[in-house]
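Take 10 as the starting number for the sequence shown in the working numbering and just add one per residue.
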Amino acid sequence: MTELLLLLFVFAGLALAGIGIKLLRQLILNWNPSDSKIQQDIKQMRAEIAPFANDLVPLDNKELELFSLNQLNQTLTKSMTTNAKGVYTSIYQEPLLAYSYKKYFGDHALLYARTAKREIVYRISKKGIKVAINQSYYGTIKNGVLYGRNEKQALAQVSARTPELMLPVVVGGKEVALLNAPNTEKSPQPRAFRYVSQEINQEEEQAFLTLAILELVQKQVEE
(Lines of atoms letter the chains of each structure in order from A and count residues from 1; the text may use other names and numbers.)
(Lines give C-alpha, C1' and ligand atoms only; values in the text may rest on other atoms or scores of the structure.)
Protein backbone atom coordinates (compact mmCIF):
# COMPACT_ATOMS: atom_id res chain seq x y z
CA MET A 1 0.00 0.00 0.00
CA THR A 2 2.83 2.40 0.90
CA GLU A 3 4.61 1.58 -2.36
CA LEU A 4 1.39 2.23 -4.33
CA LEU A 5 0.92 5.63 -2.69
CA LEU A 6 4.55 6.51 -3.37
CA LEU A 7 4.13 5.52 -7.00
CA LEU A 8 1.00 7.67 -7.28
CA PHE A 9 2.86 10.66 -5.81
CA VAL A 10 5.67 10.14 -8.32
CA PHE A 11 3.24 10.06 -11.26
CA ALA A 12 1.40 13.13 -9.92
CA GLY A 13 4.70 15.00 -9.59
CA LEU A 14 5.70 14.11 -13.12
CA ALA A 15 2.32 15.20 -14.45
CA LEU A 16 2.53 18.54 -12.64
CA ALA A 17 6.08 19.01 -13.87
CA GLY A 18 4.90 18.36 -17.43
CA ILE A 19 2.12 20.91 -17.09
CA GLY A 20 4.56 23.40 -15.57
CA ILE A 21 7.01 22.96 -18.44
CA LYS A 22 4.21 23.41 -20.97
CA LEU A 23 2.99 26.60 -19.25
CA LEU A 24 6.54 27.92 -19.03
CA ARG A 25 7.05 27.30 -22.73
CA GLN A 26 3.82 29.15 -23.55
CA LEU A 27 4.89 32.01 -21.29
CA ILE A 28 8.26 32.32 -23.03
CA LEU A 29 6.68 32.20 -26.51
CA ASN A 30 4.09 34.85 -25.64
CA TRP A 31 6.19 37.20 -23.50
CA ASN A 32 8.27 38.88 -26.20
CA PRO A 33 7.18 37.18 -29.43
CA SER A 34 9.86 36.77 -32.10
CA ASP A 35 9.38 37.85 -35.71
CA SER A 36 8.80 34.24 -36.70
CA LYS A 37 6.12 33.88 -34.00
CA ILE A 38 4.43 37.10 -35.18
CA GLN A 39 4.44 35.93 -38.81
CA GLN A 40 3.05 32.57 -37.75
CA ASP A 41 0.23 34.27 -35.84
CA ILE A 42 -0.54 36.63 -38.75
CA LYS A 43 -0.83 33.62 -41.05
CA GLN A 44 -3.21 31.98 -38.59
CA MET A 45 -5.27 35.16 -38.24
CA ARG A 46 -5.50 35.53 -42.02
CA ALA A 47 -6.84 31.99 -42.24
CA GLU A 48 -9.38 32.66 -39.45
CA ILE A 49 -10.71 35.75 -41.21
CA ALA A 50 -10.65 34.32 -44.76
CA PRO A 51 -14.19 32.83 -44.57
CA PHE A 52 -15.63 36.33 -44.01
CA ALA A 53 -13.55 38.19 -46.61
CA ASN A 54 -15.70 37.63 -49.71
CA ASP A 55 -18.83 38.95 -47.99
CA LEU A 56 -17.35 42.28 -46.86
CA VAL A 57 -19.00 45.36 -48.35
CA PRO A 58 -16.52 47.96 -49.71
CA LEU A 59 -16.07 50.93 -47.38
CA ASP A 60 -16.75 54.37 -48.81
CA ASN A 61 -18.01 57.59 -47.25
CA LYS A 62 -21.59 56.36 -47.26
CA GLU A 63 -20.72 53.07 -45.57
CA LEU A 64 -18.48 54.80 -43.04
CA GLU A 65 -21.45 56.88 -41.92
CA LEU A 66 -23.43 53.67 -41.48
CA PHE A 67 -20.62 51.82 -39.66
CA SER A 68 -22.02 50.27 -36.47
CA LEU A 69 -20.45 49.23 -33.18
CA ASN A 70 -22.34 45.94 -33.45
CA GLN A 71 -20.52 42.76 -34.40
CA LEU A 72 -21.25 39.33 -35.82
CA ASN A 73 -19.37 36.17 -34.80
CA GLN A 74 -17.75 38.03 -31.89
CA THR A 75 -15.60 36.03 -29.48
CA LEU A 76 -13.38 37.14 -26.60
CA THR A 77 -11.26 34.90 -24.36
CA LYS A 78 -8.84 35.99 -21.67
CA SER A 79 -6.28 33.71 -20.03
CA MET A 80 -2.51 33.83 -20.44
CA THR A 81 -3.20 35.75 -23.65
CA THR A 82 -6.24 37.75 -24.74
CA ASN A 83 -7.81 36.65 -28.03
CA ALA A 84 -10.70 38.31 -29.82
CA LYS A 85 -12.27 38.31 -33.26
CA GLY A 86 -15.44 39.49 -34.90
CA VAL A 87 -17.07 41.21 -37.87
CA TYR A 88 -18.24 44.82 -37.59
CA THR A 89 -21.41 45.59 -39.52
CA SER A 90 -23.31 48.58 -40.80
CA ILE A 91 -26.52 49.63 -39.06
CA TYR A 92 -28.23 47.48 -41.72
CA GLN A 93 -26.23 44.37 -40.72
CA GLU A 94 -23.92 44.48 -43.76
CA PRO A 95 -20.47 43.05 -42.90
CA LEU A 96 -17.86 45.79 -43.27
CA LEU A 97 -14.75 44.83 -41.27
CA ALA A 98 -13.42 41.53 -39.94
CA TYR A 99 -10.62 41.37 -37.38
CA SER A 100 -8.56 39.09 -35.16
CA TYR A 101 -6.73 40.40 -32.08
CA LYS A 102 -4.17 38.84 -29.77
CA LYS A 103 -2.58 40.38 -26.70
CA TYR A 104 0.49 38.47 -25.59
CA PHE A 105 1.59 37.97 -22.00
CA GLY A 106 3.34 41.31 -21.57
CA ASP A 107 3.33 44.57 -23.53
CA HIS A 108 2.94 43.17 -27.03
CA ALA A 109 -0.22 42.70 -29.09
CA LEU A 110 -1.19 41.96 -32.67
CA LEU A 111 -4.25 43.14 -34.59
CA TYR A 112 -5.20 41.83 -38.02
CA ALA A 113 -8.02 43.71 -39.75
CA ARG A 114 -9.62 43.07 -43.12
CA THR A 115 -11.91 45.27 -45.21
CA ALA A 116 -13.05 44.49 -48.73
CA LYS A 117 -9.96 46.16 -50.20
CA ARG A 118 -7.41 46.35 -47.38
CA GLU A 119 -5.51 44.03 -45.09
CA ILE A 120 -4.16 46.00 -42.14
CA VAL A 121 -1.72 44.55 -39.60
CA TYR A 122 -0.87 46.35 -36.37
CA ARG A 123 2.17 45.17 -34.41
CA ILE A 124 1.74 46.74 -30.98
CA SER A 125 4.50 47.30 -28.43
CA LYS A 126 5.59 49.90 -25.85
CA LYS A 127 7.79 51.59 -28.45
CA GLY A 128 4.88 52.21 -30.80
CA ILE A 129 2.54 50.48 -33.23
CA LYS A 130 3.94 49.44 -36.59
CA VAL A 131 1.29 49.34 -39.32
CA ALA A 132 1.39 47.43 -42.61
CA ILE A 133 -1.33 47.75 -45.26
CA ASN A 134 -1.62 45.06 -47.91
CA GLN A 135 1.71 43.66 -46.66
CA SER A 136 3.63 46.94 -47.16
CA TYR A 137 4.87 49.15 -44.30
CA TYR A 138 2.54 52.13 -43.93
CA GLY A 139 3.55 53.99 -40.78
CA THR A 140 3.82 54.08 -36.99
CA ILE A 141 1.32 55.12 -34.33
CA LYS A 142 2.66 56.74 -31.16
CA ASN A 143 0.46 58.31 -28.48
CA GLY A 144 -2.53 58.47 -30.80
CA VAL A 145 -0.58 60.07 -33.69
CA LEU A 146 -0.11 58.24 -36.99
CA TYR A 147 3.23 59.02 -38.65
CA GLY A 148 4.18 58.20 -42.23
CA ARG A 149 7.08 56.09 -43.45
CA ASN A 150 9.75 58.54 -42.30
CA GLU A 151 8.11 58.79 -38.84
CA LYS A 152 8.39 62.58 -38.93
CA GLN A 153 5.28 63.60 -40.85
CA ALA A 154 2.02 63.26 -38.88
CA LEU A 155 -0.72 61.89 -41.15
CA ALA A 156 -3.53 61.79 -38.61
CA GLN A 157 -4.23 61.81 -34.90
CA VAL A 158 -6.88 61.06 -32.30
CA SER A 159 -7.44 64.24 -30.32
CA ALA A 160 -8.50 64.66 -26.70
CA ARG A 161 -11.85 63.16 -25.76
CA THR A 162 -14.75 65.62 -25.85
CA PRO A 163 -17.19 66.07 -22.93
CA GLU A 164 -19.62 63.83 -24.87
CA LEU A 165 -17.04 60.98 -24.69
CA MET A 166 -16.37 61.19 -28.41
CA LEU A 167 -12.89 61.06 -29.92
CA PRO A 168 -12.19 63.57 -32.71
CA VAL A 169 -9.99 62.24 -35.51
CA VAL A 170 -7.89 64.87 -37.28
CA VAL A 171 -6.41 64.14 -40.72
CA GLY A 172 -4.27 66.65 -42.57
CA GLY A 173 -5.08 69.33 -40.03
CA LYS A 174 -8.86 68.98 -40.34
CA GLU A 175 -11.33 67.11 -38.18
CA VAL A 176 -12.86 64.38 -40.33
CA ALA A 177 -14.91 62.35 -37.84
CA LEU A 178 -15.87 61.72 -34.24
CA LEU A 179 -15.53 58.22 -32.80
CA ASN A 180 -18.32 57.20 -30.45
CA ALA A 181 -17.24 55.48 -27.24
CA PRO A 182 -18.71 51.97 -26.78
CA ASN A 183 -21.84 51.80 -24.61
CA THR A 184 -22.55 55.53 -24.87
CA GLU A 185 -25.26 55.21 -27.52
CA LYS A 186 -28.53 53.58 -26.50
CA SER A 187 -29.67 52.74 -30.04
CA PRO A 188 -30.00 49.03 -30.97
CA GLN A 189 -27.73 49.88 -33.90
CA PRO A 190 -25.16 52.27 -32.39
CA ARG A 191 -23.04 54.09 -34.95
CA ALA A 192 -19.28 53.96 -34.59
CA PHE A 193 -18.77 57.47 -36.02
CA ARG A 194 -20.80 60.60 -35.31
CA TYR A 195 -20.02 62.01 -38.73
CA VAL A 196 -17.52 61.54 -41.55
CA SER A 197 -16.40 64.51 -43.63
CA GLN A 198 -17.69 64.44 -47.21
CA GLU A 199 -14.46 66.08 -48.38
CA ILE A 200 -12.19 63.22 -47.32
CA ASN A 201 -10.05 61.78 -50.14
CA GLN A 202 -8.66 58.24 -50.48
CA GLU A 203 -5.36 58.94 -48.71
CA GLU A 204 -7.14 60.70 -45.84
CA GLU A 205 -9.68 57.89 -45.64
CA GLN A 206 -6.86 55.35 -45.31
CA ALA A 207 -5.22 57.35 -42.49
CA PHE A 208 -8.58 57.77 -40.77
CA LEU A 209 -9.41 54.06 -41.02
CA THR A 210 -5.98 53.08 -39.71
CA LEU A 211 -6.58 54.99 -36.48
CA ALA A 212 -10.31 54.29 -36.22
CA ILE A 213 -10.01 50.51 -36.51
CA LEU A 214 -7.35 50.38 -33.81
CA GLU A 215 -9.43 52.52 -31.45
CA LEU A 216 -12.61 50.53 -32.06
CA VAL A 217 -11.09 47.13 -31.46
CA GLN A 218 -8.96 48.08 -28.47
CA LYS A 219 -11.82 49.87 -26.71
CA GLN A 220 -14.19 46.93 -27.12
CA VAL A 221 -11.60 44.33 -26.19
CA GLU A 222 -10.58 46.24 -23.06
CA GLU A 223 -14.15 46.75 -21.78
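All C-beta atoms in this analysis are idealised placements derived from N, C-alpha and C, irrespective of residue type, glycine included.
Can you check which of these residues, the options, is closest to residue i by C-alpha distance?
i    : options               : result
N79  : T98, K87, T86         : T98
I100 : T90, T91, K71         : K71
E103 : A93, H117, A62, I129  : A62
T91  : L119, A59, G182, A163 : L119
A221 : T124, N143, E160      : T124
D116 : V154, E160, R158, M89 : M89
L106 : R158, Q83, Y113       : Q83
I9   : L68, K112, V96, D69   : No statement about residue 9 is possible, as the shown extent of the chain runs from 10 to 232 and does not include it.
D64  : V96, Q211, E160, Q229 : V96
V130 : E212, R200, T219      : T219
Ignore the nearest five residues each way along the sequence and tell me which others in residue i's own chain have a CB closer than 7 angstroms to its CB.
i    : result
F217 : A165, V178, V180, V185, A186, I209
S109 : M54, E57, I58, K94, Y121
P197 : none
N143 : R127, E128
Let's test the definition: count the other Cβ atoms within 10 Å of the Cβ of residue i and tell me whether it reaches 16, buried, or not, exposed.
i    : result
L73  : buried
T86  : exposed
A169 : exposed
G148 : buried
N189 : buried
E214 : buried
Y204 : exposed
S77  : buried
Q48  : exposed
R158 : exposed
Q162 : exposed
State the Cα-Cα distance for the pair residue i and residue j, rounded to the nearest angstrom.
i    : j    : result
L176 : S43  : 33 angstroms
F202 : R132 : 24 angstroms
I138 : Y146 : 11 angstroms
V140 : E231 : 20 angstroms
E160 : S134 : 16 angstroms
V226 : L155 : 17 angstroms
F114 : P60  : 28 angstroms
Once you ignore the five residues that flank residue i on each side, which residues in its own chain have a CB closer than 8 angstroms to its CB?
i    : result
V19  : Its pLDDT being 44, under 50, V19 is placed unreliably by the model, and the measurement read from it follows with that caveat. Contacts found: none.
R207 : Before going on, a small fix: residue 207 reads as Gln here, not Arg. Once the five neighbours on either side are set aside, the close Cβ partners of Q207 are N70.
Suppose the cutoff is 6 angstroms on Cβ atoms and the five residues either side in sequence are ignored; what does the same chain contact list for residue i look like?
i    : result
I150 : I138
Next on the checklist: Threshold first: 3 residues or longer. Then list the beta strand (DSSP E) segments lying entirely within the region 43 to 126, N to C.
Outcome noted: 76 to 87, 91 to 99, 104 to 112, 118 to 123
Checklist entry - At which residue ranges does the region 125 to 210 contain complete beta strand (DSSP E) runs of 3 or more residues, listed in the order of the chain? => result 128 to 134, 137 to 142, 145 to 151, 154 to 156, 163 to 167, 175 to 180, 183 to 189, 202 to 205
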